[in-house]
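Just so you know, my numbering puts 92 at position 107 of the sequence shown, and the rest follows in order with no gaps.
Please read the structure below before turning to the comments.
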Amino acid sequence: MNTTIHTIEDLIRILDDNPEWMDALRARLLTRELIELPERFNQFVAEMNSFVAEMNSFVAEMNSFVAEMNSFVAEMHRFVETTNRRFDALENRVASIQDDVGILKGAHARSAALRETPFIASEMGFRWVKDLTEFDLWELINGADTSGIPTNELRSFRRADLIIEATDQNGTLCYIAVEISFTANGRDTTRALRNAEFMTRFTGKQAFSAVVGLRRDDRIQGLVESGEVFWYQLDPEILEAE
-14 MNTTIHTIED
-4 LIRILDDNPE
6 WMDALRARLL
16 TRELIELPER
26 FNQFVAEMNS
36 FVAEMNSFVA
46 EMNSFVAEMN
56 SFVAEMHRFV
66 ETTNRRFDAL
76 ENRVASIQDD
86 VGILKGAHAR
96 SAALRETPFI
106 ASEMGFRWVK
116 DLTEFDLWEL
126 INGADTSGIP
136 TNELRSFRRA
146 DLIIEATDQN
156 GTLCYIAVEI
166 SFTANGRDTT
176 RALRNAEFMT
186 RFTGKQAFSA
196 VVGLRRDDRI
206 QGLVESGEVF
216 WYQLDPEILE
226 AE
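So this is what it looks like as structure tokens:
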């Protein structure tokens, strides 16, 4: 075997013919790390491929999870919308029931108060004569000067809860404008004061205002204490069903 080396080509030829010499030369020229680099790179590539595969699997699982969550959120939105509609319907129903109960309570209080009219007049220091009917009030309006009074106020006056005709201690005729509610409030005092004013205007007689109920709103306390409006409290027992 010719091992004479004169040129680089001779060296390459000899190394090609003797692979073990190539390995020995590589071991002399390269560090162990460089020698093992291709194998380690291949191992790294294999590990990266495995990692990428795992990441792809994880991403797929996450996409599936996100899809399930989106489906769950959409279902929850539908549930909330349905629940809100049901609550709205329930609130409307409760409000309707409360309105109905309020009407019934007011009617019950009015029925009880109409049985108490002589006592209302008596507690105010008057003698009861009679309760005016809606027809009496209509006749009163018909024969009076109602200029400047809006039609809706005249209609409201004609539908007053109660107008009592009474006499004072001297026998002088007077009137008591009464508004009745389960809970007397500012609306009742306003109507009672207005109706008393109309009675004085239409009859020329002195008229007084009163509110009747089972209880009263604290906001009308001032009018009651000042004497502008008389407060007559119904006994809870007379409101009980027989």
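Just so you know, even glycine gets a beta-carbon here, dropped at the ideal spot from N, CA and C.
No experiment lies behind these values; they were computed from the predicted model shown.
Secondary structure within the segment 159 to 207: the beta strand (DSSP E) runs of 3 or more consecutive residues, fully enclosed, are 192 to 198 (chain order). One alpha carbon belongs to Leu125, the other to Leu147, and they sit about 15 angstroms apart. Sequence-distant Cβ neighbours of Ser166 in its own chain, meaning closer than 7 angstroms and more than five residues away, are Gly91, Ala94, Asp173 and Gly198.
Using a Cβ distance threshold of 8 angstroms, Asp202 and Ala169 count as a contacting pair.
The Cβ atoms of Val163 and Ala195 lie closer than 8 angstroms to each other. Glu150 has Lys115 and Tyr160 as its beta-bridge partners, per DSSP.
Counting C-beta pairs with one atom in each stretch, the segment 143 to 160 and the segment 173 to 190 have three or more that are closer than 8 angstroms, which means they touch. The straight-line gap separating the alpha-carbon atoms of Ser211 and Ile205 is approximately 10 angstroms.
One Cα belongs to Thr118, the other to Ile149, and the distance between them is close to 9 angstroms. With contacts defined by Cβ atoms closer than 8 angstroms, Ile(-7) and Ile(-1) do not form a contacting pair. For Leu139, the enclosing alpha helix (DSSP H) starts and ends at Thr136 to Arg143.
Straight across, the Cα-Cα distance linking Gly133 with Asp220 is about 40 angstroms. Rounded to the nearest whole angstrom, the CA to CA distance from Asn77 to Asn69 is 12 angstroms. Annotation for Pro103: the continuous alpha helix (DSSP H) segment containing it runs Thr102 to Glu108. In the DSSP assignment, Asp(-5) falls within the alpha helix (DSSP H) that extends over Ile(-7) to Asp2.
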